[in-house]
């Protein structure tokens with residue numbers, strides 16, 4: 111099986127990829143919130159083999175059902191996002207406006223690595239950055255995050 | 111401005127491109143039908159610059175409004191499809207199931223170059239090939255094409 115080309119993966123992600131950061135209330139966390147960044151690619155089930163090929167390409171993530179006839183490759187582990195996904199898209203840059211989602215996403219991953227997500231102040235900074243991401247994401251984070 | 115990478119263009123097309131063949135009744139045509147193949151990439155207006163960049167990349171096509179806040183790069187000229195688009199995706203292959211749309215599309219372009227679209231029999235062959243393309247396309251061609 112031929113390996114996917116790195117630029118092809120960047121182009122396909124420009125079309126089909128999502129950089130998402132969920133910020134949810136969680137009283138079990140010291141700062142009161144849980145930060146859940148994820149990278150995913152959703153496809154119709156007819157292309158499930160390609161999702162597995164992408165999983166092999168990145169050497170991380172899980173292929174699972176998304177919704178109805180759709181499947182996704184989902185990468186959530188912070189070390190995989192930090193050591194594989196972020197460096198990859200820094201080397202093979204996105205060309206659509208999605209690149210600004212990625213830039214904010216990469217910043218948040220960096221903040222998490224600095225443990226910013228464990229303090230109330232750090233959560234505030236993460237929220238400000240997440241707001242720069244796509245509108246759907248913004249709506250979700252604003253709904254879940256009550257400042258003060 | 112940096113030129114787009116060929117593999118990036120293939121990956122982006124796997125996500126966002128459409129190979130479409132319209133077969134419409136047209137009493138002015140000898141065979142009674144008009145065959146209209148087109149390649150298009152539709153994007154939200156926020157990425158209109160990228161559509162122009164893709165137009166520069168392929169050195170053909172037109173960027174125009176698609177619908178509401180969406181714009182498209184559309185390539186319809188048979189010589190551009192035949193000499194630029196088809197050879198490009200033969201060299202930089204698609205990875206999704208969309209590749210089967212492309213294979214059928216390329217066959218139809220070849221048939222048009224052989225003037226098959228000018229005879230009733232040729233139109234029948236083109237329709238059979240178009241049926242192998244995406245469902246939306248199939249529905250449209252079946253609606254418009256009355257055999258016999």
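Chains as they are written, first to last, in this note's numbering: chain A, 111 to 258; chain B, 111 to 258. Backbone N, C-alpha and C define an ideal beta-carbon position, used for all residues, glycine too.
{"Check": "What does the Cβ neighbour count give for residue 227(B), buried or exposed, with the cut at 16 atoms within 10 Å?", "Outcome": "buried"}
{"Check": "For residue 179(A), which residues from the same chain have a beta carbon less than 7 Å from its beta carbon, with the 5 sequence-adjacent residues on both sides left out?", "Outcome": "154 and 155"}
{"Check": "Which word fits residue 119(A), buried or exposed, when buried means at least 16 other C-beta atoms lie within 10 angstroms of its C-beta?", "Outcome": "buried"}
{"Check": "Would you call the region 184-204 of chain A in contact with the region 155-173 of chain A, where contact means no fewer than 3 C-beta pairs closer than 8 Å?", "Outcome": "yes"}
{"Check": "Quick one: grab the DSSP three-state call for residue 112(B).", "Outcome": "coil"}
{"Check": "Give me the subset of the region 167-185 of chain A whose CB atoms are less than 9 Å from a CB atom of chain B, sorted by chain position.", "Outcome": "none"}
{"Check": "Name the residues in the region 141-155 of chain A whose C-beta lies less than 7 Å from a C-beta of chain B; which are they?", "Outcome": "none"}
{"Check": "DSSP three-state call for residue 184(B): helix, strand or coil?", "Outcome": "strand"}
{"Check": "Going by CA-CA distance only, name the one from 161(A), 221(A), 135(A) and 224(A) that's closest to residue 125(B).", "Outcome": "161(A)"}
{"Check": "Taking DSSP's pairing of strands, which residues face residue 131(A) in a bridge?", "Outcome": "147(A)"}
{"Check": "Give the list of continuous alpha helix (DSSP H) stretches no shorter than 4 residues that lie fully inside the region 209-240 of chain A.", "Outcome": "230-240"}
{"Check": "For residue 119(A), which three-state DSSP category applies?", "Outcome": "helix"}
{"Check": "Which residues in chain B have a C-beta closer than 8 Å to the C-beta of residue 114(A)? List them in chain order.", "Outcome": "205"}
{"Check": "To the nearest angstrom, how far is the alpha carbon of residue 148(A) from that of residue 197(A)?", "Outcome": "15 Å"}
{"Check": "Starting from the Cα of residue 129(B), find the closest Cα among 235(B), 225(B), 233(B) and 217(B) and give me that residue.", "Outcome": "217(B)"}
{"Check": "Quick one: list the residues of chain B neighbouring residue 234(A), beta-carbon separation under 8 Å, in chain order.", "Outcome": "Simply none; closest approach about 28 Å."}
{"Check": "Shortest alpha-carbon distance to residue 140(A) belongs to which of 165(A), 121(A), 237(A) and 229(A)?", "Outcome": "229(A)"}
{"Check": "Please confirm whether residue 122(A) has its beta-carbon closer than 7 Å to some beta-carbon of chain B.", "Outcome": "yes"}
{"Check": "Need the endpoints of the alpha helix (DSSP H) that residue 175(A) sits in, please.", "Outcome": "Premise fails: residue 175(A) lies in the beta strand (DSSP E), 172-177, not in any alpha helix (DSSP H)."}
{"Check": "Decide if residue 225(B) is buried, meaning its Cβ has at least 16 other Cβ atoms within 10 Å, or exposed.", "Outcome": "exposed"}
{"Check": "Among 157(A), 206(A), 220(A) and 231(A), which one has its Cα closest to the Cα of residue 142(A)?", "Outcome": "231(A)"}
{"Check": "Step through the CB atoms of chain B and report whether any lies within less than 7 Å of the CB of residue 117(A).", "Outcome": "yes"}
{"Check": "In angstroms, rounded to a whole number, what distance separates the CA positions of residue 163(B) and residue 133(B)?", "Outcome": "30 Å"}
{"Check": "When the Cα atoms are used, what is the spatial distance from residue 212(B) to residue 121(A)?", "Outcome": "18 Å"}
{"Check": "Beta-carbon within less than 7 Å of residue 184(B)'s beta-carbon, same chain only, minus the 5 sequence neighbours each way: which residues are those?", "Outcome": "148, 150, 171, 172 and 174"}
{"Check": "Residue 153(A) by DSSP, collapsed to three states: which one?", "Outcome": "strand"}
{"Check": "Under the three-state reduction of DSSP, which class applies to residue 197(B): helix, strand or coil?", "Outcome": "helix"}
{"Check": "Under a CB-based cut-off of 7 Å, is residue 211(A) close to chain B?", "Outcome": "no"}
{"Check": "If we call anything under 7 Å between Cβ atoms a contact, is residue 145(B) one with residue 176(B)?", "Outcome": "no"}
{"Check": "Comparing C-alpha positions only, which one of 200(A), 138(A), 131(A) and 181(A) sits nearest to residue 237(A)?", "Outcome": "131(A)"}
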